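Residues in the sequence shown are numbered consecutively from 14, following my numbering.
Even for Gly, the Cβ is constructed at its ideal location relative to N, Cα and C.
Computed from a predicted model, the values in this text were never measured in an experiment.
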Amino acid sequence: MPPFIELIVVVVIMIVACFTVFLLMFLLALFLAPIERSISKMIWAKPSTPAPAAPHGSFKDFSKKHV
14 MPPFIELIVV
24 VVIMIVACFT
34 VFLLMFLLAL
44 FLAPIERSIS
54 KMIWAKPSTP
64 APAAPHGSFK
74 DFSKKHV
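In structure tokens, the structure reads:
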């Protein structure tokens, strides 16, 4: 086979392989989307814990405690 035709064949095979990999990644994401959606709903449905109250001290009190 002439080198020019061999080069074209190799380039076409690499492009097809790249397209196949992206197609498989798309199909995997499509397959996992319902699972991700249910996990997301489960996380957002969980009641959130209240934020801890901020200490009402001054900066001087902080520096006295951490010397």
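Backbone secondary structure at residue i - three-state DSSP
i   : result
S61 : coil
M14 : coil
7 Å Cβ shell around residue i - same chain, five flanking residues per side excluded
i   : result
L20 : none
R50 : none
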